[in-house]
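A short worksheet on the structure shown next.
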Amino acid sequence: MHGKNMKVYINGKYYDKDDAKVSVFDHGFLYGDGIFEGIRLYSGNVFKLDKHIDRLFRSAKAIMLDMPWSKQQIIDAVCDACRTNGLQDGYIRLVVSRGRGKLGLSPFSCEDPQLVIIADEIQLYPKELYECGLKALTVPTRRNSQAALPPMVKSLNYLNNILAKIEAHNSGYEECLLLNNEGYVAECSGDNVFIVFDGKLITPPISCGSLGGMTRGTVIELAKKLGIELLETPITRFDIWTADECFLTGTAAKLIPLVELDKRVIGDGKPGEITKRLIEAFNEVAPKIGVHL
Ligand code: PMP
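The opening position of the sequence shown corresponds to residue 2 in this note's numbering, with each subsequent residue numbered one higher.
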């Protein structure tokens, strides 16, 4: 049951899609003051659910949002929302907003944080892109500075990433690369980046300005299992242009090959061998890691 008949969870109750509303005085709406998670459901298994909830609580801590729910309550609510919507495969959007408050910026007038869970199907990139690979562009907008809004916080304010998306779209691309203020690769608009060079798998450390991706974490574990050497080290655009392979990782995209950046063809312009091995390994383990409904 999804689409029109979807039931949206808000603070312990279910609402039809058209009736699923939060107040316009919610600071999530007024200021983007809140946090979220995007979670995958694979064959009745909520992928890395515990780890997603841990990340949610770290985001909450960073923005000093007191969570009135326990981790277990949220885990149970996510599973319940999937069951209520009759889903076995899908995408779960979990949102916690600061709640209703006065019109001023101060979050201290907000007393009723809202917990929203939308369990739906996922709009993936078209299948051809997984076979042929994606093309992307480096955009002028830099990733948020660690000293401003740490990119590790999965906050409701995604304007940094949205501006990057707009710049990419205006230049005819749907995906883009963001650099940090030092000019090193941070991440793509909603995905982490990996390259393969001389048989080694390389990804920038989180400190370069990316979210600590769940998919990224699983790829790192899989590389270890498959005996692929892994390096977490700062990389530049040059490293991507001249890499043998490149791919992006994210909950919605899973693993997707990147075959061109800034009009430079990466490797031979086709998804690489190590990329394909990791995609296969990921598809195999993803339905087994996490919480079964
Ligand atoms: N970076 C950003 C900015 C993201 O929003 C996301 C999530 N879509 C990722 C990276 C990938 O993280 P995950 O694998 O946890 O989805």
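In this text, a Cβ means the ideal position worked out from N, Cα and C, and glycines have one as well.
Quick caveat: nothing in here was measured; it's all calculated off a predicted structure.
Residue nearest to T204 within the set L106, C133 and L231 is L231 (criterion: CA-CA distance). For the pair L88 and A61, the CB atoms are not nearer than the 8 angstroms cut-off. With a minimum length of 4 residues, the unbroken runs of alpha helix (DSSP H) contained wholly in the region 101-158 fall at 128-133. DSSP places D51 within a helical segment (H, G or I) once states are collapsed to three.
Proximity of the region 62-77 to the region 19-32 falls short of the contact definition, fewer than three beta-carbon pairs being nearer than 8 angstroms.
Secondary structure in the region 246-278: the beta strand (DSSP E) runs of 3 residues or longer, each lying completely within the stretch, are 246-251 and 255-262 in chain order. By the criterion of a C-beta distance shorter than 8 angstroms, L106 is surrounded in its chain by Y32, once the five residues flanking it on both sides are discounted. Taking 7 angstroms as the cut-off, one finds no heavy atom of ligand 1 near enough to the beta carbon of E112. Non-local C-beta neighbours of G91 in its own chain, meaning closer than 8 angstroms and more than five positions away in sequence, comprise H3, R41, L42, C83, A120, D121, E122 and I123, ordered along the chain. For N171, the enclosing alpha helix (DSSP H) has its first and last residue at L160 to N171. Shortest gap from the CB of D192 to any heavy atom of ligand 1: under 7 angstroms. Collapsing the DSSP output to three states places F239 in a helix. Under DSSP, K8 forms a beta bridge with D17. Around the beta-carbon of V186, 16 or more other beta-carbon atoms lie within 10 Å, marking it buried. In this structure, G39 has its CB closer than 7 angstroms to one or more heavy atoms of ligand 1. DSSP places I93 inside the beta strand (DSSP E), whose first and last residues are G91 to S98. Between G210 and the set K155, R278, I275 and K128, the nearest pair of CA atoms involves K155. With contact defined as three or more Cβ pairs closer than 8 angstroms, the region 193-200 and the region 146-163 are not in contact. DSSP places A187 within a strand segment (E or B) once states are collapsed to three.
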